[in-house]
Amino acid sequence: TKNYHIFKDIIAKLDSCKNLEIIDQAFSNEIVFDKDLSMSFFCDLKFENFNFVKVNFSGSCFRDCEFENCRFQNCKFLESSFFKVEFDNTSFKACQFFRVNLGWSCWLDAALIETEFEQVDLEGATLSNLKIKNSLFLNLNFNDSFPTKFYNSKLNEFIEIKSQLNFEKILKEIECKD
Numbered sequence: 104t105k106n107y108h109i110f111k112d113i114i115a116k117l118d119s120c121k122n123l124e125i126i127d128q129a130f131s132n133e134i135v136f137d138k139d140l141s142m143s144f145f146c147d148l149k150f151e152n153f154n155f156v157k158v159n160f161s162g163s164c165f166r167d168c169e170f171e172n173c174r175f176q177n178c179k180f181l182e183s184s185f186f187k188v189e190f191d192n193t194s195f196k197a198c199q200f201f202r203v204n205l206g207w208s209c210w211l212d213a214a215l216i217e218t219e220f221e222q223v224d225l226e227g228a229t230l231s232n233l234k235i236k237n238s239l240f241l242n243l244n245f246n247d248s249f250p251t252k253f254y255n256s257k258l259n260e261f262i263e264i265k266s267q268l269n270f271e272k273i274l275k276e277i278e279c280k281d
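For the sequence shown, the numbering used here begins at 104 and goes up steadily by one.
Structural data, given as structure tokens:
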């Protein structure tokens, strides 16, 4: 198992180094409030019993914020931004997203297990090869002009999602039953 570190101590270095990179560490039992962690790179991390409140993880046109091979368990993301963030092979178990901006984010091979999404913005997001089990999606925000794109591997094509009803229909087709 990984040794647990103090995330707040690591992000304190952000003042001197704008682009944060954290690799192969584990964090537990912290609250991170009102921080700008945009354009950072996180790989092989584990977060347990963590709260992120008003945290900006957003990417930019020139550099992404990316979570690769990260694991989140019993974490809360409240009023935070993941605008243009890439989630690659990242899992969320028993987590909660509330009033979070996931606009233009990209979810590749991510797992959502017993995770709640409420009042989340998914405008322009791309979802591909999601594994979803016992998760809840309430009052999501979609956009007709910039629909969410969901990759359907059975049809080998992207489906545009423009409403909560569209999304719920797709969820019924893909949700893991075991």
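Beta carbons are placed, not taken as given, at the ideal position from N, Cα and C, and that holds for glycine.
Go through its chain and collect everything with a Cβ distance to residue i's Cβ below 6 Å, but skip five positions before and after it.
i           : result
residue 262 : 253 and 255
residue 246 : 226
residue 198 : 175, 178 and 218
Against chain C, does residue i count as a neighbour if the rule is that its beta carbon must be under 8 Å from one of theirs?
i           : result
residue 217 : Here chain C cannot be found, since the structure has a single protein chain.
So what does residue i bridge to, in DSSP terms?
i           : result
residue 255 : 260
residue 128 : 148
residue 159 : 139 and 184
residue 221 : 201 and 241
residue 249 : Paired residues: none, contrary to the question.
Which stretch, first to last residue, makes up the alpha helix (DSSP H) that contains residue i?
i           : result
residue 272 : 267-277
residue 112 : 110-114
Can you give the Cα-Cα distance for residue i and residue j, rounded to whole angstroms?
i           : j           : result
residue 286 : residue 216 : The chain is shown only over 104 to 281; residue 286 falls outside these bounds and no answer can be derived.
residue 211 : residue 238 : 17 Å
residue 278 : residue 170 : 23 Å
residue 151 : residue 132 : 6 Å
residue 142 : residue 180 : 18 Å
residue 275 : residue 240 : 12 Å
residue 140 : residue 207 : 17 Å
Since residue i contacts residue j with CB under 8 Å, what's their CB separation in whole angstroms?
i           : j           : result
residue 161 : residue 186 : 4 Å
Taking the beta strand (DSSP E) that residue i belongs to, which residues open and close that run?
i           : result
residue 210 : 209-211
residue 199 : 199-201
residue 228 : Premise fails: residue 228 is in no beta strand (DSSP E) and is neither H nor E.
residue 173 : First-last for residue 173: undefined, no H or E at that position.
residue 194 : 194-196
Only counting the same chain, and skipping five residues up and downstream in sequence, which positions put a Cβ closer than 8 Å to that of residue i?
i           : result
residue 104 : Here residue 104 scores only 48 on pLDDT, less than 50, and its place in the model should not be relied on; the value that follows carries that caveat. For residue 104, where only same-chain residues beyond five positions count, the Cβ hits under 8 Å are 129.
Could you pull out every residue in the same chain whose Cβ sits closer than 7 Å to the Cβ of residue i, ignoring the five residues on either side in sequence?
i           : result
residue 123 : 114, 117, 140 and 143
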